[in-house]
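Let me begin by presenting the structure, written as structure tokens, before commenting on it.
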Amino acid sequence: MTGLQNKREKGLILRGWKMLAGVLLLPAALSGCGWVNPQPAEAENSFFAMNTYMSFTAYGEEAEAALSDAEERVEELEALWSVTDEESEIYRANHSGGEPVQVSEETARLVSFTLEMAEKTDGALDPAIYPVLEAWGFTTDTKRVPAQEEIDALLEHVDYKKITLKGNLLTVPEGMELDFGAVGKGYAGDLAARAVRAQGVESAILSLGGNIQAVGSRPDGTAWRVGVRSPWEDGTLGVLKVSDCAVVTSGGYENYFEDEDGNLYWHILDPATGYPADSGLASVTIVCPEGRLGDALSTAFFVMGPQKAEEYWREEGGFEMLLVTKEGEILITEGLAGRFTPGEGRTETVSVLSR
22 MTGLQNKREK GLILRGWKML AGVLLLPAAL SGCGWVNPQP AEAENSFFAM NTYMSFTAYG
82 EEAEAALSDA EERVEELEAL WSVTDEESEI YRANHSGGEP VQVSEETARL VSFTLEMAEK
142 TDGALDPAIY PVLEAWGFTT DTKRVPAQEE IDALLEHVDY KKITLKGNLL TVPEGMELDF
202 GAVGKGYAGD LAARAVRAQG VESAILSLGG NIQAVGSRPD GTAWRVGVRS PWEDGTLGVL
262 KVSDCAVVTS GGYENYFEDE DGNLYWHILD PATGYPADSG LASVTIVCPE GRLGDALSTA
322 FFVMGPQKAE EYWREEGGFE MLLVTKEGEI LITEGLAGRF TPGEGRTETV SVLSR
């Protein structure tokens with residue numbers, strides 16, 4: 022995912038948001054007949070934050086207040102973590118000349134979690150990749166293929182192990198820049214869901230671009246139906262039934278460009294090479310209790326590839342996943358086997374991964 026940036030070209034991005042989302046909330050099937058319990062009060066809220074379009078829906082007497090609190094929480098976090106807002110904590114750390122910067126508890130927790138995930142994924146997730154991402158133009162409207170010499174020079178400053186966090190003091194070495202676009206939305210989704218629950222709401226669905234945060238189940242007690250986008254064309258690959266969890270999808274189709282020779286370049290970069298990740302995967306969907314974990318793993322696995330992703334799942338656990346390979350095979354972990362239904366007319370082979 023691209024970096025957490027200020028609100029720029031809002032209209033353009035809003036018009037294109039549906040093309041960027043990897044997951045889509047689908048309506049529940051209608052009952053055929055009979056008496057149906059009246060629906061509780063419903064509130065909806067849509068806004069632009071963290072460089073993406075967000076749409077929140079909640080049910081219950083305090084639904085409107087809950088969504089207001091959730092939006093406010095997301096905007097507070099954006100103000101802390103933006104890479105382009107000169108007032109943000111991350112911007113100040115990135116431009117501190119290598120001096121320690123005092124950050125909030127929330128930012129310290131984000132940095133700590135991201136560095137932990139970078140370590141667990143052997144650097145497949147590296148928050149210091151931002152200057153390389155910027156060189157490719159994925160954070161702007163001037164996408165290009167950088168020269169190898171430029172990439173090599175920038176890669177010298179891509180190393181999460183050089184980032185230090187002591188309490189609330191964050192030190193980013195001179196020449197390095199952090200970006201939490203691969204974790205920030207998931208983390209924000211977790212805290213937005215917490216804000217919703219604090220108002221007593223037990224049923225809500227929060228869509229943050231390619232992230233879905235499900236609070237409880239639908240008002241009638243049935244599971245939410247979340248569509249997983251096809252990585253090859255517009256349309257749905259299949260439907261996941263989920264409750265009280267996060268669903269996060271990353272794929273090369275989210276942000277890419279094509280050069281004069283027809284070569285495609287996408288925004289998920291391999292920190293080891295500085296080039297778009299080429300691991301054999303077309304998209305990665307993670308289903309887990311926390312959005313921040315889903316965000317981190319979906320990006321890291323896209324870089325790592327199916328074999329290493331499967332090994333990680335077996336060793337670590339705590340999440341389920343749906344991998345789509347470039348060859349058109351769908352790999353799902355056993356915990357999703359009964360919750361995923363391929364879309365009508367889909368011909369991809371579905372294989373279940375077991376422990």
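Here the numbering used here is used: the first residue of the sequence shown is 22, the next is one more, and so on.
Ideal Cβ placement from N, Cα and C applies to all residues, glycine included.
Query                                                                                                                                                                        : Result
Would DSSP call Gly-273 helix, strand or coil?                                                                                                                               : helix
Could you tell me how far apart the beta carbons of Ala-100 and Glu-85 are, in whole angstroms, since I believe they sit closer than 8 Å?                                    : Rounded, the Cβ-Cβ distance is 23 Å, inconsistent with contact.
Could you spell out where the alpha helix (DSSP H) holding Asn-189 opens and where it closes?                                                                                : Segment: none, Asn-189 is in no alpha helix (DSSP H) and carries neither H nor E.
For His-116, count neighbouring C-beta atoms within 10 Å of its own C-beta (all shown protein chains included) and say buried if the count is 16 or more, exposed if not.    : exposed
Taking just the CA atoms, how far does Trp-287 sit from Arg-165?                                                                                                             : 11 Å
Out of Thr-78, Ala-145, Val-122 and Thr-163, state which residue places its alpha-carbon closest to the alpha-carbon of Pro-240.                                             : Thr-78
Drop a sphere of 10 angstroms on the beta-carbon of Lys-206, count the other beta-carbons inside from all chains shown, and report buried for 16 or more, exposed for fewer. : buried
My guess is that Val-193 and Ala-114 are in contact by the Cβ rule of under 8 Å, so how many angstroms apart are they, rounded?                                              : 5 Å
Just mark Gly-144 as buried or exposed, buried being the case when its beta carbon has 16 or more other beta carbons within 10 Å.                                            : buried
Take Leu-285 and list the residues in its own chain whose beta-carbon comes closer than 7 Å to its own, dropping the five residues that flank it on each side.               : Tyr-277 and Glu-279
What number of angstroms, rounded off, separates the C-alpha of Leu-344 from the C-alpha of Arg-246?                                                                         : 18 Å
Using a Cβ-Cβ cutoff of less than 7 Å, which residues in the same chain neighbour Gly-210 once the five nearest sequence positions on both sides are dropped?                : Leu-227, Leu-229, Asn-232, Gln-234, Ala-267 and Gly-312
Pick helix, strand or coil for Phe-68, following the three-state DSSP scheme.                                                                                                : strand
Glu-127 and Leu-98 look like a contact to me (Cβ under 8 Å); what is the Cβ gap, rounded to whole Å?                                                                         : 7 Å
Using 9 Å as the threshold, is the C-beta distance between Thr-368 and Glu-350 below it?                                                                                     : no
So, with DSSP's three-state summary, where would you put Tyr-80?                                                                                                             : strand
Report all residues from its chain with a CB closer than 6 Å to the CB of Gly-315; omit the five preceding and five following residues, and keep chain order.                : Gly-207, Ala-267, Val-269, Ile-307 and Cys-309
Do you know whose CA, among Glu-170, Glu-195 and Val-95, lies nearest Ala-70's CA?                                                                                           : Val-95
Which one of Glu-140, Gln-169, Arg-376 and Ser-271 has the shortest CA to CA distance from Glu-355?                                                                          : Arg-376
Output needed for Trp-56: all residues of its chain with C-beta closer than 7 Å, excluding positions within five of it in sequence on either side, in chain order.           : Residue placement at Trp-56 is flagged as unreliable, the pLDDT there being 43, under the threshold of 50; the coordinate-derived value follows with that caveat. Closer than 7 Å at the Cβ level, and outside the excluded window around Trp-56, lies no residue.
Mapping the DSSP letters down to three states, classify Pro-61 as helix, strand or coil.                                                                                     : coil
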